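Asker:
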Amino acid sequence: MKSYQLTIKVDDKQVVLERILQVTRYRGFLINGINAEVNTGTNIGTIELMVRSERPIELLVDQINKLIDIKEVKVDNNTTT
Amino acid sequence: MANEKKQTGGSLLFNVMQQHGVEHVFGYPGGAIMPIYDALYDSDIQHFLCRHEQGAAFAAVGYARASGKVGVCLATSGPGATNLITGLADALADSIPVVAITGQVATSAMGSDAFQEIDIFGLSLACTKHSFQVTDVNDLPKVLHKAFAIALEGRQGPVLVDIPKDIQLAEITHSLEDFSKLKNMVKLPPANVGSAIALLNKAKQPILYVGGGVGMANAIDELRAFIDVTSIPSVSTLKGLGAVNPDDENYLGMLGMHGTKAANIAVQECDLLIAVGARFDDRVTGKLNEFAPHAKVIHFDIDTAEINKRRTVDAAILGDLKINLPALAIPLSIVDWQQKCRKMKKDFAWDYNHPGETIFAPAVLKEISDKMPKNTCVTTDVGQHQMWAAQHMLFDDPSNFLTSGGMGTMGFGIPAAVGAQVSRPTDCIIAVTGDGSFMMNVQELSTIKRFQLPVKIVLIDNAKLGMVRQWQDLFFNGRLSETDLSDNPDFVMLATAFEIKAKQITHKDQVSAAIEEMLDHDGPYLLQVKIDAKDNVWPLVPPNTANDKMMEST
Ligand SMILES: Cc1ncc(C[n+]2csc(CCOP(=O)(O)OP(=O)(O)O)c2C)c(N)n1
Ligand SMILES: [Mg+2]
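So the protein sequences, as listed, match chains R and U.
Number 1 in our numbering belongs to position 1 of the first sequence; there are no gaps in the numbering.
Count along the second sequence from 1, then add 1000; that gives the number in our numbering.
So this is what it looks like as structure tokens:
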């Protein structure tokens, strides 16, 4: 199992968090932790998602990137547990 | 602004649809979508009342696949909306551009477990490409434009727009010229053309593995030009059938679980596999780590997420096939390999000899394929009859073969034929169905009757859930659990009740005349073809087995 931290920039839409969580679960990633806040000035949300999986993180990054309201996905660290 | 006028959300919906070229929609009314149906009453858009929302969703899918346009379906809230879900899932799995409009209870009632309230927006997350719920009528124009753009953009797919009843009724002043195109948000990495050319030049035994993406990208001409220049042997997925010219001497047919022996062996032996708009589905690869074991891989796709998803690739060519295929079209010197492939194609050609008097479904489907008019569009249901149609009928365009690939949804064939016939009123539309699948959306015979759609239905009747029965016989010790359908209704009488001309045949010597009668008939027609319940689909690659270890008989 590897753990990863993703930083995801999104348009501030109600459902965006639900979409990210759904994709994360469906693609086989477990969630270690989550942090989400919105910059009300820019209407851009920042979601920090800590996940773990046997699968390569690119699989999840590519799928999250396909969601319509996503601006950017970054993998911040890459630690084995 | 010019053209500015006051209208309700409901009438705006149809005006925006018209801006996107929508002429036909499929649906079913109910309480929470009544203002939209009221607006429809004044609209020039033609509505086709299906007899189940699943039928409406599949009609929209069939319409989209047969025409290349966006298919549109409408349903009310609650059960109407949930009835659409199977169709949306099917459209997602096969990347079909569909816009589904659902009514919702009024915003003031939302979240109160109101009558016919279901969170279809939440339900849509797993079965659409994207979805919207409109809570302010001023957002409606932008949302609808986006819905059409997203359905068609990049890898196509279904989009759902949930519209509460008060939003349908609310007035809005809006200019119809206001038409914003969504930009492709996913930046594609540059195509790896250099390494792909190097791989091509080195290859001695390359195979082109053609998927449904070629048709979706409208790149049939570019694909055929690529094949002309390279003379590369090719194979096709179920959804790719029709992309390669079926008369191409180096074309080996479908690969995968029920693929031809030549196609599967060639792929297993190839040293370079060029996947074009294909996604290494498990029904194609068989045992994944033994699939094309000696091959380097070039993968053309529009969806970044398909690269390295199931097979690590050596060169990824992301982007529009119309641009990327010509960039790689270079002559190859692979004469020995071509000869080997052509020899396999000849040695393993289909054998239509079938002892006895009972009808042999592959021969029937081949004869229909030989006799059907040009530009016939065939739809199928799911099961043995589907695989026989894929194996034994020839198509010259993917929009002429509509089958539920990714989802394998029984009940697809009849409503998809309805949609196909609406989009192509002068073309011959043939639905190849099974006795199990037919009953799953049999209510759409009513839609065929109402609109006098001249759909031809070929019902391959083995009085069984044949495909499941085949697996029970092969892999579950012949324990035939719940696959017998010997108490089926009288299908001829059933069709007749919908004023559809129908005939049953049981013997080989009746086949040719019956096919001609069906094809010559002006209106809808059902041909019930009784076959032996024990006939199997061959070849078959057993589960978790390499594709060259196919079974060819019991
Ligand atoms: C909606 C749905 N339910 C169940 C299945 C599983 N299934 C696949 S093929 C098949 C049998 C289909 O029977 P029929 O339509 O008579 O076709 P046949 O195989 O006999 O030609 C079943 C039950 C499915 N694909 N879709
Ligand atoms: Mg059957």
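Virtual Cβ for every residue (Gly too), placed ideally from N, Cα, C.
Here the structure is a predicted model, which means the values were calculated and not measured.
Using DSSP with H/G/I as helix, E/B as strand and the rest coil, what is U:M1550?
Answerer: The answer is coil: DSSP assigns U:M1550 none of H, G, I, E or B.
Asker: If you draw a straight line from the alpha carbon of U:F1360 to that of U:L1540, how long is it in whole angstroms?
Answerer: Using only the alpha carbons, I get a separation of about 18 Å.
Asker: So the alpha helix (DSSP H) U:I1334 belongs to, where does it begin and stop?
Answerer: Where U:I1334 is concerned, there is no enclosing alpha helix (DSSP H), given that its DSSP letter is neither H nor E.
Asker: Got a sec: does ligand 1 put a non-hydrogen atom nearer than 8 Å to the Cβ of U:N1536?
Answerer: No, since every heavy atom of ligand 1 falls outside the 8 Å radius drawn around the Cβ of U:N1536.
Asker: Give a yes or no on whether 9 Å exceeds the smallest Cβ distance from U:K1183 to chain R.
Answerer: Caution applies to U:K1183, whose pLDDT of 48 falls short of 50 and renders its modelled position unreliable; the model cannot decide the point.
Asker: Classify U:P1543 as buried or exposed, calling it buried when 16 or more other Cβ atoms lie within 10 Å of its own Cβ.
Answerer: It counts as exposed.
Asker: U:G1122 to U:D1490, Cα distance in whole Å?
Answerer: About 41 Å.
Asker: Measuring straight from C-alpha to C-alpha, what distance separates U:A1315 and U:F1300?
Answerer: Taking the straight line from one Cα to the other gives about 9 Å.
Asker: Who are the neighbours of U:F1401 on chain R, taking C-beta pairs under 9 Å?
Answerer: Neighbours of U:F1401 on chain R: none; closest Cβ ~27 Å, over 9 Å.
Asker: Here's the rule I'm using: 16 or more other beta-carbon atoms within 10 Å means buried, otherwise exposed. How should U:K1296 be labelled?
Answerer: The residue is buried, with at least 16 neighbouring Cβ atoms inside 10 Å.
Asker: Against chain R, does U:H1020 count as a neighbour if the rule is that its beta carbon must be under 9 Å from one of theirs?
Answerer: By this cut-off, U:H1020 is not an interface position.
Asker: For the segment 1128-1151 of chain U, enumerate the residues whose C-beta is nearer than 7 Å to any C-beta of chain R, in chain order.
Answerer: So the list reads H1130 and I1150, given in the order they occur along the chain.
Asker: Following the continuous beta strand (DSSP E) through U:Q1504, name the residue where it begins and the one where it ends.
Answerer: Start and end: K1501 to I1505.
Asker: If we define contact as Cβ-Cβ less than 9 Å, is U:N1308 a contact residue for chain R?
Answerer: Closer than 9 Å to some Cβ of chain R, the Cβ of U:N1308 qualifies, so yes.
Asker: Please compile the residues from chain U whose C-beta is within a distance smaller than 8 Å of the C-beta of R:Y26.
Answerer: Here the neighbours are A1126.
Asker: U:Y1063: buried (16+ other C-beta within 10 angstroms of its C-beta) or exposed?
Answerer: The residue is buried, with at least 16 neighbouring Cβ atoms inside 10 Å.
Asker: For R:R25, count neighbouring Cβ atoms within 10 angstroms of its own Cβ and tell me buried if that reaches 16, exposed if not.
Answerer: Burial call: exposed.
Asker: Where does U:R1155 fall in DSSP's three states?
Answerer: The answer is coil: DSSP assigns U:R1155 none of H, G, I, E or B.
Asker: Going along chain U in order, which residues have a C-beta closer than 8 Å to the C-beta of R:E58?
Answerer: Simply N1308.
Asker: Between U:R1065 and U:E1444, how many whole angstroms is the CB-CB distance? I'm expecting something under 8 Å.
Answerer: Going by Cβ atoms, the distance from U:R1065 to U:E1444 rounds to 16 Å, so no, they are not a contact pair.
Asker: Since I believe U:L1125 is in contact with U:I1167 (beta carbons under 8 Å), could you give me their beta-carbon distance rounded to a whole number of angstroms?
Answerer: That belief does not hold up - the Cβ atoms of U:I1167 and U:L1125 are roughly 21 Å apart, past 8 Å.
Asker: Report back the beta-carbon spacing between U:L1208 and U:V1276 to the nearest angstrom; my notes put them in contact at under 8 Å.
Answerer: Confirmed, about 7 Å.
Asker: Can you pull the DSSP bridge partners for U:A1075?
Answerer: According to DSSP, which records beta bridges pairwise, U:A1075 is partnered with U:T1102.
Asker: Kindly list the residues whose CB is nearer than 7 Å to the CB of U:N1083, restricted to its own chain and excluding five residues on each side of it in sequence; keep chain order.
Answerer: Counting only Cβ-Cβ distances below 7 Å, and skipping sequence neighbours, we find H1052, E1053, Q1054 and A1075.
Asker: Distance check for R:D69 and U:M1185, CA to CA, integer angstroms please.
Answerer: Because U:M1185 sits at a pLDDT of 49, beneath the cut-off of 50, its placement in the model cannot be relied upon, and the point is left open.
Asker: For U:Q1452, collect the residues of the same chain with a Cβ closer than 7 Å to its Cβ; drop the 5 residues on either side in sequence, then sort them by chain order.
Answerer: Closer than 7 Å at the Cβ level, and outside the excluded window around U:Q1452, lie G1523.
Asker: Fully enclosed by the segment 1406-1465 of chain U, which beta strand (DSSP E) runs are 3 residues long or longer?
Answerer: Listed in chain order, the complete beta strand (DSSP E) runs (minimum 3 residues) inside the segment 1406-1465 of chain U are 1429-1434 and 1456-1461.
Asker: Who are U:I1207's beta bridge partners in DSSP?
Answerer: In the DSSP output, where bridge partners are listed per residue, U:I1207 has U:L1273.
Asker: Given that a residue counts as buried once 16 or more other Cβ atoms are within 10 Å of its Cβ, and exposed if not, what is U:M1493?
Answerer: U:M1493 comes out exposed.
Asker: Do the segment 1094-1105 of chain U and the segment 1158-1166 of chain U touch if we need at least three Cβ pairs shorter than 8 Å?
Answerer: A contact exists between the segment 1094-1105 of chain U and the segment 1158-1166 of chain U.
Asker: Please go through the same chain and pick out, in chain order, the residues whose beta-carbon is closer than 6 Å to the beta-carbon of U:L1400, but skip the five residues on each side of it.
Answerer: According to the sequence shown, residue 1400 of chain U is Asn rather than Leu. Result list for U:N1400: G1242 and C1377, in chain order.
Asker: Between U:G1122 and chain R, is the shortest Cβ-Cβ distance under 9 Å, so that the two count as touching?
Answerer: U:G1122 counts as touching chain R.
Asker: How many angstroms separate the CA atom of U:K1287 from the CA atom of U:A1546?
Answerer: Whole-angstrom Cα-Cα distance: 5 Å.
Asker: Among U:H1507, U:Q1528, U:M1518 and U:D1336, whose alpha-carbon lies nearest the alpha-carbon of U:P1355?
Answerer: Answer by Cα proximity: U:H1507.
Asker: Verify the CB distance criterion: does R:E18 have a CB-CB separation below 9 Å to chain U?
Answerer: Yes, because at least one Cβ of chain U sits closer than 9 Å to the Cβ of R:E18.
Asker: Examine the Cβ distances between the segment 1364-1375 of chain U and the segment 1321-1341 of chain U and report whether three or more of them are shorter than 8 Å.
Answerer: The segment 1364-1375 of chain U, when compared against the segment 1321-1341 of chain U, does not touch it at the 8 Å Cβ threshold.
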